[in-house]
Amino acid sequence: MIVVLDPIKDEGGIFEREVREYLSAHYPGDAFEVLTLEKGPASIGNFTQKTLACSSVLESVDRLKDASAVVINCFADPCLFELRENLDVPVFGAGETTMHIASMLGEFSVIGPGDNLISWTRIQAREYGVFDKLVSVRRIELPVEEVLKNNRTLYEETRNACIKAIEDGADVLVLGCTGFANIAEKLGREIWDKFKIPVLEPLLTTYGVARSLYPILKHGKKGLFSGR
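Residue numbers (my numbering): 10 to 237.
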């Protein structure tokens, strides 16, 4: 079974329920597990929160060992490499996977929240080997917390950022936070109808890749993920 790892502390189980409903709507026959943290940050919008989340994930790593695959439901990919060191199943990060799929479709732009988004995304693109395909990074004027709450201005701000990214020359748009799932379907339809440009939502993209490839993939245990 695929485990979707939400690397945040989810008070009240709201985010977990939304993830379950979202994926079940697109893949109604699938059985998967959604795992959140018992302790950790409420959101991941900076490197400190990413590190705290990874620490908590590693404390719970035994809960992931029976999975068929793990999907990290955060564009920042906290604990991606650490989990690959510690697990014998494929681990898919939402940021890494979605950027690679976008690079297969053309040159892409990333749209997301946070004052640090532009530099952080460029670091990720370099690390993942797709920097040459990154056209631009467009920031919305909301923090990650407001994206997760589906702030009433979220849709309009994100749509406007998407249009600016298209003007930058992007062939593909990547939503740079899995919290955009609440608006992704409507936004994707509108952008496609007006511009014929695809919009990739990272959780759905990554889960789709994981469910297709996990039966035939393994991470090597020599070299990068050997742990030594």
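From the three backbone atoms N, C-alpha and C, an ideal C-beta is built for every residue, glycine too.
With a threshold of 7 Å on Cβ separation, who are the neighbours of residue i within its own chain once the five nearest residues in sequence on each side are excluded?
| i | result |
| --- | --- |
| LYS173 | ARG147 |
| PRO50 | ILE17, LYS18, GLN58, LEU61 and ALA62 |
For residue i, I'd like the list of residues in its chain whose CB is within less than 6 Å of its CB, leaving aside the five on either flank, ordered along the chain.
| i | result |
| --- | --- |
| ASP19 | GLU25 and THR45 |
| ASP39 | none |
| ALA111 | PHE117, VAL181, VAL183 and LEU209 |
| LEU143 | ALA134 |
| GLY115 | ASP180 and VAL181 |
| PRO211 | PHE84, ALA103, THR107 and THR187 |
| PHE204 | ILE175 |
| GLU31 | What sits at residue 31 in the sequence shown is Tyr, not Glu. Same-chain partners within the cutoff: ALA190. |
| PRO207 | VAL181 |
Here's a check: name, in chain order, each residue in its chain whose Cβ is nearer than 8 Å to the Cβ of residue i, leaving out the five neighbours to either side.
| i | result |
| --- | --- |
| VAL153 | SER52, ILE53, GLY54, PRO122, GLY123, CYS186 and GLY188 |
| TYR137 | GLY104, GLU105, MET108 and HIS109 |
Determine which residues share a DSSP beta bridge with residue i and list them.
| i | result |
| --- | --- |
| VAL183 | VAL119 and LEU209 |
| SER145 | SER118 |
| LEU14 | LEU44 and ILE81 |
Whole angstroms are fine: how far does the CA of residue j sit from the CA of residue i?
| i | j | result |
| --- | --- | --- |
| VAL183 | ILE192 | 13 Å |
| LEU226 | TYR164 | 36 Å |
| ARG93 | THR60 | 16 Å |
| VAL139 | THR214 | 17 Å |
| ASP141 | PHE41 | 35 Å |
| GLU150 | VAL218 | 30 Å |
| LEU126 | GLU47 | 27 Å |
| GLN133 | GLY21 | 31 Å |
| CYS171 | ILE200 | 8 Å |
| THR167 | ILE120 | 7 Å |
| SER145 | VAL13 | 29 Å |
| HIS228 | SER221 | 16 Å |
| PHE234 | PHE90 | 7 Å |
| PRO87 | TYR223 | 20 Å |
| LYS74 | LEU96 | 6 Å |
| VAL79 | ASP177 | 34 Å |
| LYS231 | GLU68 | 24 Å |
| GLU27 | TYR216 | 15 Å |
| ARG131 | ARG72 | 32 Å |
Quiz item: Counting only runs that start and end within the region 66-128, where is the alpha helix (DSSP H) found for 4 or more residues in a row?
Solution: Correct list: 89-95 and 103-114.
Quiz item: Is there contact here, the region 78-85 with the region 156-165, by at least three beta-carbon pairs under 8 Å?
Solution: No, because fewer than three Cβ pairs between the region 78-85 and the region 156-165 fall closer than 8 Å, the two stretches do not touch.
Quiz prompt | the region 25-35 in contact with the region 63-78 per 3-pair CB rule at 8 Å | solution = Touching, no.
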